[in-house]
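Encoded as structure tokens, the structure appears first; notes follow it.
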Amino acid sequence: MKPLGDVAGASLAERVQAAVETAALHAEAVDREGRFPIEAIEALRDNRLMGFAVPPELGGEGAGLAEIAPICTALGAACASTAMVFAMHHICLANLIDCGLESPWHRELMHRAATEQLLFASSTTEAGVGGDLRQSICAVEADGEAFNLAKAAPVISYGEETDAIFATARRDPEAPSSDQVLCVLLADQYELERVSTWDALGMRGTCSHGFRFKATAPTEQILPRPFADIAAESMIAGSHILWSSVWSGIATDAMAKAQAFVIAEAKKSPGSPPASATKLAEAYARFRTLEATIADALSRWAAMRAAPERAATVSFSLAMNALKVSISTIALQVVEDALMICGLQGYKNSGPYGLGRHLRDIHSARLMISNDRIMAGAGQMMLMQRPSAAARKA
Amino acid sequence: MMEQIRELIEQHAGLPPGAGPIGDDTDLYRAGMKSFASVQLMLAIEETFEIEFPEEMLNRATFRSASAIAHAVEQLASGSIAA
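Protein chains in written order, with this note's numbering: chain P, 111 to 504; chain H, 15 to 97.
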């Protein structure tokens, strides 16, 4: 195990900044070569940000989404692949903490996540279920105190780099496709066979190859809550918030480039403001809605978590779906606005105003759980939405 | 009331044929009830019992089992949840 970086005396802002700088330094190579952003993940480890959310009594800092989301945004502005790996890792970690605090095995893994700064990945999609998170074909096959699991996964982001995979599966071979559990599988408990290679338009460093894997692990490693509850009550909302934060980061850097471009233009023509300044203001108006929408989602999340039963209502789920769909759409518009402002300087891959990587990366946002699918689900929920008792009294 | 609820579950929960017997405490989600089926079930319950679920009760727990649904309907019918 690599000795962890000394963070004593370094503030959170300094730790984040150190990781962001490393991510920025290698972003171009990661994108060009389609390789895992190992330097940035090491920097996050050195700054002890991978186990950030683990409760203090188990060696972490007990950070919540409100603390993790801004880090996703800061990383997203430097290297979207790094930011997405960080976001997905923290979703897995949140599932572990949400469901595993009563279980000795899972507590030990949380402790390891903090002390060894482990990396976690998830395997939810499966060949044959059409991208539906809430359906599995593969099943847990219990064999005494252990279980076997074989899964065909069209995508596991950083599957070859992770220390553990959180995989959905049917509870047992007789269970219906929607009766799923989430199994924690350590890297030495499975064999991965890569069946397809991630050579994609953007988000190239996430290394989201396709795999077939076979695992054998003790049954105590299966998270005790049904996956249906994990998904409905925390995982989907948490994913939408952290992903949106990453996408907002991409837009943040595109805005910074556009603004730098307009300032340079203004210096060249001291007489009157450049025409691009108006376009910059228009882009900024869109950009502002990103921050505001994420802030609103975080406050709804905090209210849901503070409620005694932590039950996600229909309105909460609808708000989280709307967050994902609107941020993924608006962030893309902001990057396109920035491209129009920077013109050919933005179109060129070299030079200070290049926006090619931003544009390619942000195009993943509407597809990562397709907006069409999300809206179809939201359409069903709209039939259930009712005014709250408080609103009706008002 | 339980009899009516059981009937509504049978009609609307869309449980797969192999779901097995559905008791009052059977977890309907585990038995295979999908999200749109739960919407249909909820609308049917509202119509049958002439009630309207307030936002606060529209979560997964309310529709988890026949007895959970009965509990919610009783609460609404008795007016113990101010609507």
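For glycine and all other residues, C-beta sits at the position ideal for the given N, C-alpha and C.
Is there a Cβ from chain P that is less than 7 Å from the Cβ of R20/H? no
Which first and last residues belong to the beta strand (DSSP E) in which R496/P is found? Premise fails: R496/P is in no beta strand (DSSP E) and is neither H nor E.
Here's a check: name, in chain order, each residue in its chain whose Cβ is nearer than 7 Å to the Cβ of G348/P, leaving out the five neighbours to either side. L175, I201, A204
According to DSSP, is E88/H part of a helix, a strand, or is it coil? helix
Contacts that G487/P makes with chain H (C-beta to C-beta distance below 9 Å): Chain-ordered, the chain H residues with CB closer than 9 Å to the CB of G487/P read S49, F50.
By Cβ distance below 6 Å, which residues in the same chain neighbour A51/H in space, the five residues on each side in sequence not counted? A27, G28
Would Q490/P pass as an interface residue toward chain H - the criterion being a Cβ-Cβ separation below 7 Å? yes
Just checking my contact of A277/P with L259/P at CB under 8 Å: how many whole Å lie between their CB atoms? 7 Å
Return the CA-CA distance between I83/H and E64/H, expressed in angstroms with no decimal places. Roughly 14 Å between the two C-alpha positions.
Compute the beta-carbon to beta-carbon distance between L42/H and F67/H, rounded to the nearest angstrom, for a pair I have assumed lies under 8 Å. Taking the Cβ atoms as the reference, L42/H lies roughly 16 Å from F67/H, outside the contact range of under 8 Å.
Given that F67/H touches chain P, what residues does it touch there, using C-beta distances under 9 Å? M494, R496
Assess, as a yes-or-no matter, whether the region 406-424 of chain P is touched by the region 443-463 of chain P under the definition of 3 or more beta carbon pairs within less than 8 Å. No, because fewer than three Cβ pairs between the region 443-463 of chain P and the region 406-424 of chain P fall closer than 8 Å, the two stretches do not touch.
Tell me, please, whether the region 252-266 of chain P touches the region 17-27 of chain H by the rule of three or more beta-carbon pairs shorter than 8 Å. no
Please decide whether L72/H counts as near chain P, where near means a Cβ-Cβ distance under 7 Å. yes
Please report how far the alpha carbon of G315/P lies from the alpha carbon of A402/P, in whole angstroms. 29 Å
Would you verify that the beta carbon of I484/P is, or is not, closer than 7 Å to some beta carbon of chain H? no
Whole angstroms are fine: how far does the CA of A190/P sit from the CA of A279/P? Annotation: A279/P to A190/P spans about 29 Å, alpha carbon to alpha carbon.
Are the C-beta of S246/P and some C-beta of chain H separated by less than 7 Å? No, no contact with chain H.
Between the beta-carbon of H350/P and the beta-carbon of L433/P, is there less than 7 Å? yes
Using a C-beta cutoff of 7 Å, does V424/P count as contacting chain H? yes
Can you pull the chain P neighbours of E30/H, defined as C-beta to C-beta under 7 Å? First, the amino acid is wrong: residue 30/H is Pro here, not Glu. Chain P residues near P30/H: P286.
For a contact defined as C-beta to C-beta under 7 Å, what are the partners of A429/P on chain H? Near A429/P there are no residues of chain H at all, since even the closest Cβ is about 12 Å away, more than 7 Å.
Mind checking who I266/P pairs with in its DSSP beta bridge? H319/P
With a 10 Å radius around its C-beta and 16 neighbouring C-beta atoms as the bar for buried, classify F412/P as buried or exposed. Reading the sequence as shown, one finds Ala at residue 412/P and not Phe. A412/P is exposed by the Cβ-count criterion.
By alpha-carbon positions, which one of I346/P, E392/P, L352/P, T439/P ends up nearest to A422/P? I346/P
For A327/P, which residues does DSSP report across the bridge? F257/P
Under 7 Å between C-beta atoms, does G46/H make it to chain P? yes
Kindly indicate if chain H contains any beta-carbon less than 7 Å away from that of A342/P. Interface annotation, A342/P: in contact with chain H, CB-CB separation under 7 Å.
In this structure, what does DSSP give as the bridge partners for I332/P? C293/P
C-beta neighbour in chain H for D289/P, strict 7 Å: yes
Which word fits W104/P, buried or exposed, when buried means at least 16 other C-beta atoms lie within 10 angstroms of its C-beta? In this structure chain P extends from 111 to 504, so residue 104/P is not present and cannot be described.
V53/H versus chain P: which residues are under 8 Å apart at the beta carbon? Q490, M491, L493, M494
Within-7 Å CB hit, A421/P to chain H: yes
At what residues does the beta strand (DSSP E) containing F371/P begin and finish? Where F371/P is concerned, there is no enclosing beta strand (DSSP E), although the alpha helix (DSSP H) it sits in stretches over 346-378.
Taking Cβ to Cβ, would you say V68/P is nearer than 7 Å to L185/P? In the structure displayed, chain P extends from 111 to 504; residue 68/P sits before or after that span and is not available.
Span of the beta strand (DSSP E), counted from its first residue to its last, around F276/P: 274-280
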